[in-house]
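Note that the UniProt record's numbering has the sequence shown beginning at 1, numbered continuously upward.
Even for Gly, the Cβ is constructed at its ideal location relative to N, Cα and C.
The structure presented is a predicted model; accordingly, all values stated were derived computationally and were not measured.
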Amino acid sequence: MRNMLAQARTYDRSVQLLMANQFTINLGFYMLMPYLAAHLSGTLGLAGWAVGLILGVRNFSQQGMFLVGGTLADRFGYKPLIVAGCLLRTAGFAALGFTTSLPALIAASAATGLAGALFNPAVRAYLAADAGDRRVEAFALFNVCYQAGILLGPLLGMALTGVDFRLTCLVSAVVFALLSIVQIRALPARRGAGDTKAATGSVWTVWRGIAANRPFLLFSCAMIGSYVLSFQVYLALPLEVRRLAGDGTSGTIAVALLFAVSGLSTILFQTRLTAWCKARLGPSAALTWGLTAMGLAFTPLLAATALPVPAGGPGRWLLAAVPAATAALLLAVGTMLAYPFEMDTIVRLSGDHHVATHYGFYNTLSGVGIATGNLATGAALDTARSAGLPALPWLVLIALGLACATALHALHRTGRLVPAPEQPQPAPA
């Protein structure tokens with residue numbers, strides 16, 4: 001931990017602030033969101049379809065607006081979008097705790113999602129710009145801060161929700177309000193180095209340019225599988241744990257173990273692993289091995305399907321917890337291998353022009369992939385239970401990871417991920 005703090009101090013103040021911002025953003029978000037569904041269905045007594053609608057609106061308003069948020073960041077600068085996103089989330093989280101009507105809850109949920117679409121591409125583009133040649137190391141530290149917020153947020157939220165969910169909403173809103181004030185006062189205004197004309201260019205021209213950036217599109221498509229696989233920490237792994245361990249205390253402990261393993265491993269090993277990859281592997285190999293590790297992460301669950309399921313007791317709990325926790329660890333390792341080089345590759349393929357818009361497009365495409373992948377994973381889980389094929393979902397996920405790793409390796413080997421040369425602009429008459 002001391003080494004990471006010392007490494008963070010070697011960056012400019014703006015980079016340090018962005019890392020602290022990301023930790024705080026995730027802390028405030030994850031102290032509230034895991035408990036929102038229970039509040040809506042339990043305290044407010046909403047029907048299941050209404051709960052699903054509210055949560056779905058939040059996800060759609062974020063994933064669907066990433067491209068718009070990135071475009072606005074390139075056009076107006078990174079700081080205004082970061083501040084606007086935090087202020088909007090302040091209002092949205094406060095409203096979630098103190099409103100009871102369905103239209104107001106839908107509006108509040110949409111506001112919290114839109115907030116993420118505003119500041120996420122801007123934060124990453126700002127970090128890439130100010131970190132310079134040390135982007136890879138900066139994104140490794142950024143991922144540590146990201147995971148630390150995910151790890152600590154639910155713990156704090158559990159304590160606050162035990163008192164009153166409205167207290168959780170209030171504290172989360174205060175966190176974002178304070179973060180907004182700090183950024184207004186301390187975060188310098190910043191625009192991408194290659195985006196001095198972004199404020200006057202046509203949005204459609206920029207979007208058409210990204211759509212014509214073949215290396216970037218190929219890379220984005222190859223990486224979609226990594227997001228589908230990493231999301232299974234929230235979908236397939238908890239469902240499998242609950243299937244075996246039940247919904248009681250033992251099941252809750254086993255699910256909590258998944259997130260603890262994932263978050264702690266990233267905090268402890270991300271920077272060391274990135275330094276080793278940079279010295280020994282290089283970007284293309286690190287990305288390929290990262291996706292391979294994420295695909296193979298589901299082999300412990302596949303192997304567990306061949307074991308007899310104990311009727312109960314410690315044996316059943318271990319069968320539920322150990323393979324899933326091992327899978328979570330391997331998914332974290334794969335993410336640690338790939339993430340810093342993934343973020344750096346996006347900047348390189350953008351040609352350092354309209355970086356936030358590229359991040360926005362990339363996130364939107366990943367969001368569509370996650371939604372589609374989750375539907376397919378859910379269908380595979382249902383089929384596995386109804387048809388007596390417990391190995392099916394794990395085989396599908398392993399195949400997805402290996403296919404994406406193979407595609408990414410082929411793209412690098414054939415030179416298809418070389419940034420396209422910048423087109424010369426016609427001289428003025």
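The region 401 to 420 makes contact with the region 280 to 292: 3 or more CB pairs, one atom from each, lie closer than 8 Å. Taking the Cα positions, Leu302 is about 22 Å away from Asp247. Judged by their CB atoms, Ala321 and Leu281 are not nearer to each other than the 7 Å cut-off.
Taking a cut-off of 8 Å for Cβ pairs, the region 111 to 126 and the region 78 to 97 touch, as three or more such pairs fall below it.
Annotation: the region 97 to 161 contains the following complete segments of the alpha helix (DSSP H) (minimum length 4 residues), in chain order: 102 to 131. For Leu307 against Leu319, the beta-carbon gap comes to about 7 Å, under 8 Å, which counts as contact.
Between the region 228 to 236 and the region 366 to 382, the count of C-beta pairs closer than 8 Å reaches three or more; the two stretches touch. Annotation for Phe216: the continuous alpha helix (DSSP H) segment containing it runs Arg214 to Ser230.
With a threshold of 16 other beta carbon atoms within 10 Å, Asp382 falls short and is exposed.
Annotation: Met31 is outside any alpha helix (DSSP H) and is labelled neither H nor E by DSSP. When secondary structure is reduced to three states using DSSP, His353 falls in the coil class, being assigned neither helix nor strand. Put simply, of Arg185, Leu229, Thr99 and Arg13 the residue whose alpha carbon is nearest the alpha carbon of Gly373 is Leu229. For Ala186 and Gly64, the gap between their C-alpha atoms comes out near 30 Å. In the three-state DSSP reduction, Val175 falls in the helix class (H, G or I).
Close CB contacts of Val51 within its chain, under the 6 Å cut and outside five residues either way in sequence, are with Ala37, Leu40 and Ser41 (chain order). Distance from the CA of Val171 to the CA of Leu118, rounded to the nearest whole angstrom, comes to 22 Å. About 11 Å separates the beta carbons of Asp352 and Arg135, which is beyond the 8 Å limit, so they are not a contact pair. When the alpha-carbon of Val68 is set against those of Gly360, Leu392, Gly251 and Ala399, the nearest one is in Gly360. In the DSSP assignment, Met294 falls within the alpha helix (DSSP H) that extends over Pro283 to Leu296. Approximately 6 Å separates the beta-carbon atoms of Leu32 and Phe93; this is inside 8 Å, confirming the contact. For Tyr227, same chain residues with a beta-carbon under 7 Å away, outside a window of 5 residues either side, are Ser366, Gly369 and Ile370 in chain order.
Per DSSP, the continuous alpha helix (DSSP H) segment holding His412 begins and ends at Leu392 to Arg413. Taking Asn26 as reference, the option from Ala131, Pro154 and Ala104 with the minimal CA-CA separation is Pro154. About 14 Å separates the beta carbon of Asn21 from that of Val144, a gap too long to meet the 8 Å contact definition.
Sixteen is the threshold: when 16 or more other Cβ atoms of the shown chains lie within 10 Å of the Cβ of Val83, as they do, the residue is buried. For Pro238, the uninterrupted alpha helix (DSSP H) segment begins and ends at Ala236 to Ala245. Annotated three-state conformation of Met19 is helix, per DSSP.
Rounded to whole angstroms, the gap between the alpha carbons of Cys404 and Met4 is 31 Å.
Straight-line measurement puts the Cα of Lys79 at about 19 Å from the Cα of Ala138. Restricting attention to Leu102, Val57 and Pro215, the CA atom closest to the CA of Arg413 is found in Pro215. Spanning the alpha carbons of Gly132 and Ala125 requires a straight line of approximately 11 Å. The alpha-carbon of Val261 is positioned some 6 Å away from that of Leu329. When DSSP states are grouped into helix, strand and coil, Ala311 belongs to the coil group.
Judged by their CB atoms, Thr357 and Val163 are not nearer to each other than the 7 Å cut-off. Cβ contact annotation for Thr271 (same chain, cutoff 8 Å, sequence separation greater than five): Asn3, Met4, Gln7, Glu137, Ala140, Leu141 and Val144, in chain order.
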